Every structure is written in structure tokens, then in C-alpha cells.
Amino acid sequence: MKELLSILLQRIPKSPWLNQYRRVDLDYWLLGSCLALLGLGLVMNASASSAVAMEHHKDLYYYFSRHLAFVVIGLLAGAVVLLLPIKFWLKMSWPLMLLGFVLLVLVFVPGIGHEVNGSKRWLNLGFIKLQSSELAKLFIVFFIAGYLVRHKKELQEKLLAFLKPLLFLLLFGVLLYKEPDFGATTVMASSIVLMIFLANASLRVAIPLLLIVVGLGGWYVTAENYRLARITSIADPWQDQFGTGYQLTQALIAFGRGEWFGTGLGNSIQKQFYLPEAHTDFVFAVMAEELGIFGSLLTLAVFVFICVRALQIGRRAEGVKHYFAAYSAYGIAMIWGAQSFINIGVNLGLLPTKGLTLPFVSYGGSSLVVCCVELAILLRIEWEIRQSLIRQQGGAIMSVRELTSLAKGVGYAR
């Protein structure tokens, strides 16, 4: 039996689940931080969604149980993604980009697209409603990362090399504009701009690209009166407390009630139908009310850590010349960073109201599952970097000190 098991293990491809030393090999700092956010999301959803769940479904834990199911699905999906080499995503970057485009188009097809509050962002798959933009953001990151690898030299010399990927971004942006989903457009554009900038692009061609993106963003904001109203309302939300400033004023009240250490778990008043979307867009405000400024700042610190960690993984991947992995890591870091910044900024009244979830925390199946997949991709990238370092030493088993010393040569240190 032991011999049979040994033969089977030898036939299983090496992965973070089973490395060359037959043990689990993961970046536990990144994994632990993201799992902590998932746990926090479970706790806050159980609290923030209780009132609306009881009112609409007569089940206090209706949204919590669904959120828990999404977390389990996301973790299982992430476990599978960990088995896939990063070169698989490079090979599939074009097909995935086309799939993302198709998914964004399908939301406008009657009978398939699902509309909520005037926005067509979801696909009705019967057993689940899929938000197309969540997958599209990740797929466009893979496509741009592949493009940057294939046209690295051109990007340092020609403006036209930048315009080609910009056309794809514009195409995706038009579809998101029609949904409408300005938040997803902003996150997608921010990720692409950061990826191009960190790909050592020449400033003389990067700056015109940035100006074009900013110009398109400015036009997008001013194209509709309701968007302008959202922007002007954040200056003084109390001027129209029960109109355009309603969500923000209720969120600010939640922050005020929380003070330093909060009112305690489950003791939020604002979740009792005062604050709309308490378990999705404004879960951070409920968190601030129940856990206080201290709990909110601690959560913010975790978000900063995982984004910085993702950027470090990208930098280290560049150090061992894994450029596609590096640019993908940069893109994922920006997706997490931009989405967290926008969500928290909206809750604090620093940004106009947008329908963006807080990664790993807010209720939402598509967002949770994609976040877990993105985490798995980062863990795989980090693992492949260390495998490259080990191969540089002829596959020799190294101590942590020896591996760290070698890693410093390419900007890597665990």
C-alpha cells in the first residue's frame, strides 16, 4: 500500500498543495490575511443583513447562509486554481478576454440579463446570478498582462502600442457604461494604467495615455445629471438629507455612533432599514458602528497589507523574469486596492456613491468567488517564484536563511 501511494504521489504534478518535498507550500501571511477578511465578512454579514433578511425572507440568517455558501464555493474554486500553472492563464488570455466581452454583452439579452435598481449587471443562470463585470475585470488583466509581455519593446518607444490595448478597454468601458457600472470601469482602467506604468513604459508615451483615460473618465462623470448630483452631494450631504445625500448621511451617523470601540456586535441601529444596502455597499459603515474606529482602522490596515503584499509578489516575479506573472499580480493588487479605496471612500463621504463591494467582506457571490480565485493566482505566482529560486540552486534543499539570502538578489524576502 505504501509503495502504491508513493507511485501515485510521484505522478501528481507539483503544486502549492504538494511541492517537491510533499507538503503544502503557501504564502501564509497573504493567505491568513485574506482568510481573516473572509471571516470578518461572515461575522459582519450575519449582523448587517439580519433585519432585511427577517423582513423579506422571514429567516434571520438567510443572507448569512448564502454568504457562507459563496465563501465555501470560492475557497473550493481557489483550491482548483492553485493547481494551474501561471502559463495556463497566459495561453488563455485571448479566449478569456473574448469570454469577458461575451459575458458583458449577455446582460443586455432579454431572459438572460437580470436588472436590479435600473442596472443590468447580472446574468440569471437559474441557481445563481453572475455579475459579469467581476469576471471581466480579471480577464482584462490577463489580456493586458499578456499584451505587455508580447510587446514590451514597442511599449517603450511607440504611442500606438498603448492605443491598441486602450481600444479593448474602451470597448469594455462602453458596455459597462450601458449597464451602467462606473465603479467597475474605474477599477478596470486603474488596473490597466498601473500595469502599463509598472511595465517600465516610457513617460513620453505613458503620460498621453493617462491624459486620455482621465479625459474619458471626466466625460463619463459629466455625461449624466444623476452622476453630477452624486458628486455635488458629498460636499454637503445634509443639504438634501432625504434625497441625494440620504445614503451618505446615514453612513456618517453610523460612524458617529461607533466612536472609538463601537456599540458591540449586533448592536447597530443603522442596519435597521436606515442605511440602504447595509450588508453590501455599506458594510464598512455598519462595521464602524459596531466595532468602532479602532476596528475599522485595523480592517483598513489588513487591506493595505494584502495590496502591498500583492505588489511585492509582482516585483519579485519581475526579479526572476516571470513578466506575465508580475503584471498579473500588479493588476490584481490594483483591483483589490482600487475597489477597497472606492468602497471605503464612499462610506466615509470622500467619494460619490458607487455600487462596489468591499473585497472579501461584502455580501455578493460573484465578488467573493472571484476574490478567492485572485488570491489563489497570487499564491501560485508566489510559489512559482520560489520554485525558480530553488532550481537556481540545482534543486537542493535550502534552509530558510539560505533561501532568504538567495532571494535578496532578486528582490525577494519572505
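First residue of the sequence shown: 1, per my numbering; consecutive thereafter. Yeah, the Cβ is synthetic: ideal placement off N, Cα and C, and Gly gets one too. From a predicted model like this one, the values you see are computed outputs, not experimental measurements.
Pick from the options that is closest to residue i, judged by C-alpha positions
i: L163; options: Y327, I192, D181, F139; result: I192
i: Q250; options: Q270, L378, L265; result: Q270
i: F324; options: N343, V141, C371; result: V141
i: L98; options: V361, L138, T263; result: L138
i: L350; options: A310, K152, Q247; result: Q247
i: S33; options: L298, E259, G319; result: L298
i: L90; options: F341, P352, A326; result: A326
i: F341; options: V302, G78, V81; result: V302
i: T357; options: G41, Q312, V24; result: G41
i: V286; options: E259, Y330, G364; result: E259
i: K153; options: I196, K354, E289; result: I196
i: I144; options: V24, K58, L96; result: L96
i: S415; options: L300, F282, P359; result: Residue numbering for the chain in the displayed model covers 1 to 414; residue 415 lies beyond these limits and cannot be assessed.
For residue i, the first and last residue of its enclosing beta strand (DSSP E)
i: Q131; result: 129 to 131
Rounded straight-line distance, which links the Cα of residue j to that of residue i
i: R424; j: S388; result: Outside the displayed span of the chain (1 to 414) sits residue 424, for which this structure offers no information.
i: M92; j: F168; result: 16 Å
i: A199; j: G111; result: 42 Å
i: S132; j: V109; result: 13 Å
i: T186; j: Y62; result: 32 Å
i: L68; j: G146; result: 34 Å
i: L275; j: S367; result: 21 Å
i: A376; j: S328; result: 12 Å
i: G295; j: F261; result: 7 Å
Bridge partner(s) assigned by DSSP for residue i
i: L368; result: BP columns for L368 are empty, so no partner.
First and last residue of the uninterrupted alpha helix (DSSP H) at residue i
i: N347; result: 323 to 348
i: V320; result: Note, V320: premise wrong, no alpha helix (DSSP H); not H, not E.
i: F101; result: 93 to 106
i: L194; result: 182 to 198
i: W29; result: 28 to 48
i: S65; result: 62 to 81
i: Y246; result: 246 to 258
Buried versus exposed, by CB contacts within 10 Å (16 or more), residue i
i: R391; result: exposed
i: Y28; result: exposed
i: F415; result: No information on residue 415 is available, as it lies outside the stretch 1 to 414 that the chain covers here.
i: Q339; result: buried
i: F273; result: exposed
i: H415; result: The first residue shown for the chain is 1 and the last is 414, placing residue 415 beyond what the model contains.
i: N347; result: buried
i: K354; result: buried
i: A288; result: buried
i: A79; result: exposed
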